[in-house]
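Inspection log for the structure reproduced underneath, given as structure tokens.
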Amino acid sequence: MSGEAEADIYTVGALGPIVFSVSEAYILTLQDLVRSSAGRWAQHDIIGQKPKKEWLGPGVDTVTFSIRFSWEHGLNPRKAVDRLTELERAGRALPLVIGNKGVGTGLWVITNMTQAWEQLDNRGNVRVAKVDLTLEEYVK
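Read left to right, the sequence shown gives residues 477 to 616 (the working numbering).
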């Protein structure tokens with residue numbers, strides 16, 4: 477033992493194998509999480525009257541959020557973005573957990589991913605990247 481205390485690590489949540497956490501040397505959190513849901517309704521047109529609505533059931537929820545990867549926060553942005561790209565392209569259904577509680581009733585799939593490489597160094601290394609994700613509820 478070196479005599480130094482280990483830094484506290486605070487886990488915020490996770491998207492499958494991607495863990496959102498904070499410590500003195502490392503910051504990986506999500507930002508601007510928005511969850512949307514809507515019901516499914518059929519509309520039946522009736523001659524000479526207003527259309528009638530029929531409840532079909534709940535729709536599929538969506539979640540959007542951003543993740544910022546920064547070299548200054550102990551991350552390799554290029555590797556982190558590549559990891560998310562692999563998950564998106566594999567089409568895997570993943571659990572989304574925030575504060576030790578699952579979001580929704582099951583798993584989520586990445587339906588859209590937008591990358592912004594915001595800062596590059598003089599050798600082309602990504603110093604700061606932002607990823608915007610859209611997830612859709614996965615129903616078996």
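Backbone N, C-alpha and C fix where the C-beta goes; we use that ideal spot for every residue, glycine too.
Fully contained in the segment 513–545 is no alpha helix (DSSP H) run of length 4 or more. About 7 Å separates the beta carbons of Ser542 and Leu506, which is inside the 8 Å limit, making them a contact pair. Counting of Cβ neighbours within 10 angstroms places Ala556 among the buried residues, the total reaching 16 or more.
Counted as a single uninterrupted DSSP element, the alpha helix (DSSP H) harbouring Pro553 occupies residues Pro553 to Ala566.
About 3 Å separates the beta carbon of Gly492 from that of Leu570, a gap short enough to meet the 8 Å contact definition. Per DSSP, the unbroken beta strand (DSSP E) holding Asp608 starts and ends at Val602 to Tyr614.
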